[in-house]
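Asks: Okay, here's the structure, questions in a sec.
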Amino acid sequence: MKIIIFGAQGSGKGTQANLLSARFGLAHIDTGAMLRDEVKKGTKFGLKIKNHMEKGGFVPDGTVSKLIERRLSSPDCKNGFVLDGFPRSLEQVKELKRMSFIDFVVELRIDDKIAMYRLSNRRQCTKCGLIYGLAIKSKKTGVCDSCGGKLVKRADDTPAAIKKRLSLYHKETEPLMRFYKKKNIVKFVDAAQTVEKVFDAIVMLLHK
Ligand code: AMP
0 MKIIIFGAQG SGKGTQANLL SARFGLAHID TGAMLRDEVK KGTKFGLKIK
50 NHMEKGGFVP DGTVSKLIER RLSSPDCKNG FVLDGFPRSL EQVKELKRMS
100 FIDFVVELRI DDKIAMYRLS NRRQCTKCGL IYGLAIKSKK TGVCDSCGGK
150 LVKRADDTPA AIKKRLSLYH KETEPLMRFY KKKNIVKFVD AAQTVEKVFD
200 AIVMLLHK
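Rendered as structure tokens:
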């Protein structure tokens, strides 16, 4: 299965992509995490994209596409994948069309106010990347249950950057759905529900 998961920031797309990856043995391609990794490593490439990311803007299309193309050619993607955070622009849709066939597109729908509230309360483990928030709280404040890593607020989870990211999603990414709707492969899910309910709804739609 080759799936794209779409949804505004705060819709829980990363969490659902993780669950789908575990349930169906798919590679989870988390574009934002791959880019954050480059920034963390302090590579020349990382330094180039840091500013775009912290302000909540897009990293240039060509750069992201190259990264994804390389990732899609790795052996763990042979059994299928769930693409999280790519494509985000028309140019990226065109690039992806050249790279791979897509079976399903899942769109998580969420109100901006709920998304904003969720993101403002989000913390991420600096070691294993696990996400905590209103629905999933760590047992010990600021410490990851899974690996003991430190939980921090993401650099782009500031009110200004969240606003910019949501606005870019509506302006640039949401319209891409038109392209996939024409192919009749889009499944819509209400993302205001609990993590479990959203996941069950996705699985049910994929089985239909
Ligand atoms: P995310 O973790 O999906 O919220 O992504 C974090 C940030 O990484 C975004 O706000 C962008 O700056 C950058 N980014 C992630 N995916 C893409 C993409 N497909 N195209 C351009 N920039 C991206």
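When we follow numbering that gives the first Met the number 0, the leftmost residue of the sequence shown carries the number 0, and every step to the right adds one. Each residue gets a CB set at the ideal place from its N, CA and C atoms; glycine is no exception. These figures come from a predicted structure and were not determined experimentally.
1. Grouping DSSP H, G and I as helix and E and B as strand, with all else coil, what is C143?
2. Could you tell me whether the Cβ atoms of I3 and F100 are closer together than 9 angstroms?
3. On the DSSP bridge list, what partners appear for L82?
4. With a 10 Å radius around its C-beta and 16 neighbouring C-beta atoms as the bar for buried, classify A114 as buried or exposed.
5. Shortest alpha-carbon distance to L82 belongs to which of S119, H27 and M98?
6. Looking at the structure shown, is R153 part of a helix, part of a strand, or coil, going by DSSP?
7. If you pair each beta-carbon of the segment 60 to 71 with each one of the segment 139 to 151, do three or more pairs fall below 8 angstroms?
8. Put C124 into one of helix, strand or coil per three-state DSSP.
9. Quick check on this structure: which residue in I161, I184, A190 and K126 has the alpha carbon closest to the alpha carbon of G56?
10. Following the continuous alpha helix (DSSP H) through V63, name the residue where it begins and the one where it ends.
11. Report the option in G31, K139, S72 and T193 whose CA atom is closest to the CA atom of P59.
12. If we call anything under 9 angstroms between Cβ atoms a contact, is T193 one with F5?
13. I think Q15 touches F198, with their Cβ atoms under 8 angstroms apart; what is that distance to the nearest whole Å?
14. Could you check what DSSP says for L46 in three-state terms: helix, strand or coil?
15. Answer yes or no: do R108 and V188 have a C-beta to C-beta separation smaller than 9 angstroms?
16. Along the chain, where does the beta strand (DSSP E) that runs through D199 open and close?
17. Less than 8 angstroms separating the Cβ of V105 from some heavy atom of the ligand AMP?
Replies: In short, the structure shows the following:
1. coil
2. no
3. I3 and I28
4. buried
5. H27
6. coil
7. no
8. strand
9. I161
10. D60 to L71
11. G31
12. no
13. 6 angstroms
14. helix
15. yes
16. Segment V194 to H206 is the alpha helix (DSSP H) holding D199; no beta strand (DSSP E) there.
17. no
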